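J.: Note that the numbering used here has the sequence shown beginning at 151, numbered continuously upward. Ideal placement from N, C-alpha and C gives every residue a C-beta, glycine not left out. Quantities reported herein were computed from a predicted structural model and do not represent experimental measurements.
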Amino acid sequence: MIDAAPDLSRPAPLGERIIGVVTLVGLYAGLVVALESDLPRWAGICVYLAALTLLFGWSGHHEVAVRRRPHTKPEMAVRFCGVVSLSLPGAGLVFDNGPGTLTGHLVAAAAPTLAAAVYLVLRWRR
């Protein structure tokens with residue numbers, strides 16, 4: 151009976167980890183380029199929604215992934231912080247009132263990317 155129980159501590163496959171790293175690089179680079187470009191409001195909204203889709207996509211993937219352990223409280227907290235911290239570059243993309251310098255754009259884009267990276271590392275640690 152015990153032998154038939156699923157192993158919930160299976161590590162993430164290499165392909166998932168590679169796609170995760172590519173996603174993080176794309177999220178960071180996409181946000182910085184979009185913030186540095188003088189995009190119209192509709193394009194900024196599209197970039198913001200694409201970034202939200204990336205964050206929610208990973209969360210949704212881990213919710214339905216077969217034979218994965220449930221989310222822990224720290225993972226849920228970091229996931230929430232990632233979505234909330236996306237408002238830093240989101241304000242600049244949607245309302246064009248975020249930080250106006252390259253350094254400000256790099257920092258604003260780093261906040262949600264770092265939260266997403268911590269979330270993925272927490273999910274992959276086993």
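Is the stretch 181 to 191 in contact with the stretch 208 to 223, if contact means three or more CB pairs nearer than 8 angstroms?
T.: The answer is no - the stretch 208 to 223 does not touch the stretch 181 to 191, with fewer than three Cβ pairs under 8 angstroms.
J.: Using only alpha-carbon positions, find the residue among Val244, Glu166 and Ala179 that is nearest to Val257.
T.: Position 107 of the sequence shown, counted from the first residue, corresponds to residue 257. For Val257, the nearest C-alpha among the options comes from Ala179.
J.: Just to confirm the assignment, what range does the alpha helix (DSSP H) spanning Thr203 have?
T.: In the sequence shown, counting from the first residue as 1, residue 203 sits at position 53. Its alpha helix (DSSP H) spans residues Arg191 to Val214.
J.: Give a yes or no on whether the C-beta atoms belonging to Val197 and Leu243 are separated by under 8 angstroms.
T.: Residue numbering aside, residue 197 sits at position 47 when the sequence shown is read from its first letter. Residue numbering aside, residue 243 sits at position 93 when the sequence shown is read from its first letter. Yes, they are a contact pair.
J.: Note down the Cα distance separating Ser187 from Leu204, rounded to an integer number of angstroms.
T.: Here the question's residue 187 lines up with position 37 in the sequence shown. Here the question's residue 204 lines up with position 54 in the sequence shown. Distance between the alpha carbons of Ser187 and Leu204 is about 21 angstroms.
J.: Taking the Cβ atom as the reference point for each residue, do Val228 and Leu177 lie within a distance shorter than 8 angstroms?
T.: Residue mapping note: residue 228 aligns to position 78 of the sequence shown, counting from 1. Residue mapping note: residue 177 aligns to position 27 of the sequence shown, counting from 1. Contact flag unset, no.
J.: Less than 8 angstroms separating the beta-carbons of Ala266 and Leu174?
T.: By 1-based counting over the sequence shown, the position of residue 266 is 116. By 1-based counting over the sequence shown, the position of residue 174 is 24. In this structure, Leu174 lies closer than 8 angstroms to Ala266 by Cβ.
J.: Return the residue from the list Gly254, Gly207 and Met226 that minimises the CA-CA distance to Ile169.
T.: Here residue 169 refers to the residue found at position 19 when the sequence shown is read from its first residue. Ranking Gly254, Gly207 and Met226 by Cα distance to Ile169 puts Gly207 first.
J.: Where do the ends of the alpha helix (DSSP H) carrying Ser187 lie?
T.: Here residue 187 refers to the residue found at position 37 of the sequence shown. Unbroken run through Ser187: none, as it is neither H nor E.
J.: Closest by CA to Leu238, which one among Ala215, Leu202 and Pro262?
T.: Taking the sequence shown and counting its residues from 1, one reaches residue 238 at position 88. It is Pro262.
J.: Using three-state DSSP, classify Pro163 as helix, strand or coil.
T.: Here residue 163 refers to the residue found at position 13 of the sequence shown. Note: Pro163 maps to coil in three-state DSSP.
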